[in-house]
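The structure appears below as structure tokens.
Protein chains in written order, with my numbering: chain A, 1 to 293; chain B, 1 to 248.
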């Protein structure tokens with residue numbers, strides 16, 4: 001009796017494993033076909049790509065500064081010194097500060113609106129399903145339109161300058177953080193909220209005491225991450241006239257001021273890296289320590 | 001004398017009758033133990049009294065007020081008079097013990113300043129006094145999640161007392177505690193019943209604990225009352241039926 005049972009069981013297990021393998025092979029083959037199809041559509045073997053690639057190297061060697069080791073630390077009048085390369089540094093720093101402030105403002109305003117909307121767009125906190133549906137779709141719209149499109153629109157409407165970039169990034173930040181925040185709410189524990197409700201607490205106090213303490217570390221973490229993204233985005237937005245260092249970068253690229261291109265790009269990279277490191281440090285040490293306790 | 005009167009109370013979840021026609025009268029100051037196996041409807045009954053669950057049929061009355069039809073502010077007032085503690089304590093683990101206790105005052109005495117964490121001095125003193133009754137005042141500024149299970153449940157009782165309740169509903173309050181902490185929690189509940197005259201309705205898994213602490217036991221099986229009387233009247237046969245021992 002028991003041997004037959006084990007025999008049956010083994011057979012079942014084998015069947016299951018066989019089915020799963022078949023399914024995996026099917027997925028791998030379909031992926032391969034998809035890759036082949038799409039590479040033939042975008043014409044990846046074209047001679048244009050092959051001939052064009054080396055030119056990338058040419059451009060990079062052109063924008064590199066001609067530094068001279070003997071005059072490296074001389075003042076900005078001597079060719080080959082760092083000071084000569086960065087003769088425009090005060091202007092760059094002012095524009096970088098503008099870019100930084102654009103990202104900061106957009107993150108603060110965007111995350112505040114996102115926080116308000118997230119209560120309406122989470123299944124377990126929304127007052128009713130109609131509001132839930134409408135808020136979700138609105139957030140999807142703001143998230144779905146790339147910020148550069150918003151920026152072009154607002155530069156056209158409000159004129160060249162950082163205001164257009166700030167509004168564009170704020171809208172996109174609201175859209176993406178609103179979705180992330182509401183998903184954090186949906187994963188929250190119902191028990192503290194139940195206690196608040198059972199003691200006669202109203203909806204605002206249920207949210208403030210039952211929900212927020214649980215979700216706050218995650219919300220802060222997502223907001224910092226968004227700030228990093230916005231720093232990068234705000235440099236790009238300058239290309240369409242939305243203010244900051246990006247606008248200057250676009251200018252020097254167009255006028256072929258080769259050495260200034262590398263000077264600005266290096267500054268942007270250094271800024272992005274330091275902001276990333278700082279926010280990673282904040283996330284790890286301020287938030288996760290609290291999580292582990 | 002104020003009493004809680006339940007008449008033909010029913011609750012259906014889809015096609016399951018969780019509570020299937022319960023009628024009871026509970027007097028002020030009693031300690032009631034509700035016993036029965038899992039799924040007998042104990043938890044649903046307590047939740048309906050507090051209106052966390054809306055009854056499908058029947059009525060609950062307290063002091064001649066119909067509880068089942070309360071809405072908005074009146075409902076919140078009833079909930080604040082009818083405190084509840086839970087098996088998993090349901091504290092806000094990330095904030096300090098004192099604030100957790102102060103949360104109990106939100107239903108009774110709400111002020112929009114509470115939302116930014118400001119509470120009146122009077123309520124703070126009140127909260128500390130309540131913590132002190134359970135020897136927990138020195139833990140007041142610790143995060144609630146750092147306390148042991150037994151301590152957390154006693155904080156939950158202190159929070160319930162902040163509501164100045166007339167009734168305390170306890171849903172399996174000792175099921176996730178070790179025997180020593182369980183005894184401490186039960187002793188504290190007995191204390192607030194004797195000293196403050198708060199009616200206690202308590203779901204219990206353990207028959208021994210129920211017999212030791214309760215004035216009156218109510219046995220539920222399949223959503224119906226199958227026993228209602230003093231602990232001494234509970235015969236072995238009835239308890240066998242309650243816990244369905246023959247069938248297992």
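Idealized CB from N, CA, C, for every residue including glycine.
### Query
Taking the continuous alpha helix (DSSP H) assigned at residue 129 of chain A, which residues delimit it?
To locate residue 129 of chain A, count along the first chain from 1; it is residue 129. Start and end: 129–144.
### Query
Can the beta-carbon of residue 259 of chain A be found less than 8 angstroms from the beta-carbon of residue 88 of chain A?
The sequence position of residue 259 of chain A within the first chain is 259, counting from 1. The sequence position of residue 88 of chain A within the first chain is 88, counting from 1. No, the pair does not count as a contact, with Cβ atoms beyond the cut-off.
### Message
Output needed in chain order: residues of the segment 187–205 of chain A with a Cβ under 7 angstroms from some Cβ in chain B.
### Response
Cβ contacts with chain B: 191, 192, 194, 195, 196, 197, 198, 199, 200, 201, 202, 204, 205.
### Message
Contact criterion: CB-CB distance below 8 angstroms. Does residue 251 of chain B meet it with respect to chain A?
### Response
Coverage of chain B is limited to positions 1 through 248, which leaves residue 251 of chain B absent and any answer about it impossible.
### Query
Rounded to the nearest angstrom, how far is the Cβ of residue 114 of chain B from that of residue 205 of chain A, given a contact under 8 angstroms?
Taking the first residue of the second chain as position 1, residue 114 of chain B is located at position 114. Taking the first residue of the first chain as position 1, residue 205 of chain A is located at position 205. Contact between residue 114 of chain B and residue 205 of chain A holds, since their C-beta atoms are separated by about 6 angstroms, short of 8 angstroms.
### Message
Given a cut-off of 8 angstroms on the beta-carbon distance, is the pair residue 150 of chain A and residue 168 of chain A in contact?
### Response
Position 150 of the first chain holds residue 150 of chain A. Position 168 of the first chain holds residue 168 of chain A. Yes; because the gap between Cβ atoms is below 8 angstroms, this pair is in contact.
### Message
Taking DSSP's pairing of strands, which residues face residue 76 of chain B in a bridge?
### Response
As a first step, residue 76 of chain B must be located in the second chain, where it is residue number 76. Paired residues: none, contrary to the question.
### Task
With DSSP as the reference, label residue 195 of chain A as helix, strand or coil.
The residue given as residue 195 of chain A occupies position 195 in the first chain. Residue 195 of chain A sits in a helix when the DSSP states are folded into three classes.
### Query
Do you know how far the Cα of residue 94 of chain B is from the Cα of residue 287 of chain A?
Position 287 of the first chain holds residue 287 of chain A. Position 94 of the second chain holds residue 94 of chain B. Rounded to the nearest angstrom, the two C-alpha atoms are 12 angstroms apart.
### Task
Would you kindly work out how many angstroms separate the C-alpha atoms of residue 20 of chain A and residue 30 of chain A, rounded to a whole number?
Residue mapping note: residue 20 of chain A aligns to position 20 of the first chain, counting from 1. Residue mapping note: residue 30 of chain A aligns to position 30 of the first chain, counting from 1. Those two C-alpha atoms are separated by around 15 angstroms.
### Query
residue 209 of chain A versus chain B: which residues are under 8 angstroms apart at the beta carbon?
Mapped onto the first chain, residue 209 of chain A falls at position 209. 92, 95, 99, 103, 106, listed in chain order.
### Query
Grouping DSSP H, G and I as helix and E and B as strand, with all else coil, what is residue 154 of chain A?
Position 154 of the first chain holds residue 154 of chain A. Three-state result, residue 154 of chain A: helix.
### Task
Please classify residue 197 of chain B: is it buried, with 16 or more other beta-carbons within 10 angstroms of its beta-carbon, or exposed?
Stepping through the second chain from its first residue, residue 197 of chain B is reached at position 197. Around the C-beta of residue 197 of chain B, fewer than 16 other C-beta atoms lie within 10 Å, and the residue is accordingly described as exposed.
### Residues near residue 12 of chain A in its chain [Cβ-Cβ closer than 7 angstroms; skip 5 each side]
Locating residue 12 of chain A in the first chain gives position 12, where the first residue counts as 1. Answer for residue 12 of chain A: no residue qualifies.
### Message
Please classify residue 90 of chain B as buried or exposed, where buried requires at least 16 other C-beta atoms within 10 Å of its C-beta.
### Response
One-based indexing of the second chain puts residue 90 of chain B at position 90. Under this definition residue 90 of chain B is a buried residue.
### Of the listed residues A:197, A:189, A:80, A:166, nearest to residue 104 of chain A (C-alpha basis)
Residue numbering aside, residue 104 of chain A sits at position 104 when the first chain is read from its first letter. Residue 104 of chain A has its Cα closest to that of A:166, out of A:197, A:189, A:80, A:166.
### Query
Unbroken alpha helix (DSSP H) runs of length 4 or more, entirely within the segment 79–158 of chain B: which are they?
Listed in chain order, the complete alpha helix (DSSP H) runs (minimum 4 residues) inside the segment 79–158 of chain B are 97–102, 121–133.
#### Entry: residue 118 of chain A: first and last residue of the uninterrupted beta strand (DSSP E) it sits in
Your numbering for residue 118 of chain A matches position 118 in the first chain. Where residue 118 of chain A is concerned, there is no enclosing beta strand (DSSP E), although the alpha helix (DSSP H) it sits in stretches over 89–120.
### Message
Does residue 180 of chain B pass the burial test, meaning 16 or more other C-beta atoms within 10 Å, or should it be called exposed?
### Response
As a position in the second chain, residue 180 of chain B is number 180, starting the count at 1. The residue in question, residue 180 of chain B, is exposed, as its Cβ has fewer than 16 Cβ neighbours within 10 Å.
### Task
Classify residue 198 of chain A as buried or exposed, calling it buried when 16 or more other Cβ atoms lie within 10 Å of its own Cβ.
Position 198 of the first chain, counting from 1, holds the residue named residue 198 of chain A. Burial of residue 198 of chain A is indicated by the presence of at least 16 other C-beta atoms within 10 angstroms of its C-beta.
### Query
Listing by chain order, which chain A residues have their CB less than 9 angstroms from the CB of residue 80 of chain B?
In the second chain, the residue the question calls residue 80 of chain B occupies position 80. For residue 80 of chain B, the residues of chain A that pass the 9 angstroms Cβ criterion are 199, 200, 201, in the order they occur in the chain.
### Message
Short of 9 angstroms Cβ to Cβ, which residues in the segment 130–153 of chain B face chain A?
### Response
Those residues of the segment 130–153 of chain B that come within reach of chain A (Cβ to Cβ, closer than 9 angstroms) are 143, 145, 146.
### Task
In the DSSP assignment, find the unbroken beta strand (DSSP E) run with residue 5 of chain B in it and report its ends.
In the second chain, residue 5 of chain B corresponds to position 5, counting from 1. Under the DSSP assignment, residue 5 of chain B falls in the beta strand (DSSP E) whose first and last residues are 3–13.
### Task
Examine the Cβ distances between the segment 4–15 of chain B and the segment 56–66 of chain B and report whether three or more of them are shorter than 8 angstroms.
Cβ pair count under 8 angstroms is three or more, so yes.
### Message
Quick check: is the beta carbon of residue 213 of chain A nearer than 8 angstroms to any beta carbon in chain B?
### Response
Start at 1 with the first residue of the first chain, and residue 213 of chain A comes out as number 213. Yes - at least one Cβ of chain B is within 8 angstroms of the one on residue 213 of chain A.
#### Entry: One or two residues paired with residue 62 of chain B in a DSSP bridge
For this step, residue 62 of chain B is matched to residue 62 along the second chain. Answer by DSSP bridge pairing, in chain order: B:4, B:65.
### Task
Would you tell me roughly how many angstroms separate the C-alpha atoms of residue 32 of chain B and residue 170 of chain B, rounded to the nearest one?
On the second chain, position 32 is the one that residue 32 of chain B refers to. On the second chain, position 170 is the one that residue 170 of chain B refers to. In a straight line, the C-alpha of residue 32 of chain B is about 10 angstroms away from that of residue 170 of chain B.
### Task
Could you spell out where the beta strand (DSSP E) holding residue 220 of chain B opens and where it closes?
Within the second chain, residue 220 of chain B is the residue found at index 220, counting from 1. Its beta strand (DSSP E) spans residues 216–221.
### Task
Examine chain A for any beta-carbon lying closer than 8 angstroms to the beta-carbon of residue 52 of chain B, and answer yes or no.
As a position in the second chain, residue 52 of chain B is number 52, starting the count at 1. The Cβ of residue 52 of chain B sits closer than 8 angstroms to at least one Cβ of chain A.
### Message
Below 9 angstroms on C-beta distance, what does residue 77 of chain B contact in chain A?
### Response
Position 77 of the second chain, counting from 1, holds the residue named residue 77 of chain B. Neighbours of residue 77 of chain B on chain A, chain order: 200.
### Query
With a CB to CB cut of under 6 angstroms and the five nearest residues on each side skipped, what residues in its chain are close to residue 123 of chain A?
Counting from 1 along the first chain, the entry for residue 123 of chain A is found at position 123. 186.
### Query
Exposed or buried, residue 293 of chain A, counting other C-beta atoms within 10 Å across all chains shown (16 or more means buried)?
Reading the first chain from its first residue, position 293 is the one you call residue 293 of chain A. Legend: pLDDT at residue 293 of chain A = 43, less than 50; position of this residue unreliable, value from coordinates given subsequently. With fewer than 16 other beta carbons inside 10 angstroms of its own, residue 293 of chain A counts as exposed.
### Query
Can you give the Cα-Cα distance for residue 241 of chain A and residue 249 of chain A, rounded to whole angstroms?
Taking the first residue of the first chain as position 1, residue 241 of chain A is located at position 241. Taking the first residue of the first chain as position 1, residue 249 of chain A is located at position 249. Each residue's alpha carbon lies about 11 angstroms from the other.
### Query
Taking Cβ-Cβ distances shorter than 8 angstroms, what residues in chain A pair up with residue 83 of chain B?
As a working mapping, residue 83 of chain B is identified with position 83 in the second chain. Below the 8 angstroms Cβ cutoff, chain A contributes 198, 199 as neighbours of residue 83 of chain B, in chain order.
### Message
In the DSSP assignment, the beta strand (DSSP E) including residue 25 of chain B goes from what residue to what residue?
### Response
Locating residue 25 of chain B in the second chain gives position 25, where the first residue counts as 1. In the DSSP annotation of this structure, the continuous segment of the beta strand (DSSP E) that includes residue 25 of chain B starts and ends at 16–27.
### Query
Between residue 91 of chain A and residue 68 of chain A, what straight-line distance do the alpha-carbon atoms span, to the nearest angstrom?
Within the first chain, the letter at position 91 stands for residue 91 of chain A. Within the first chain, the letter at position 68 stands for residue 68 of chain A. Going from the Cα of residue 91 of chain A to the Cα of residue 68 of chain A covers about 24 angstroms.
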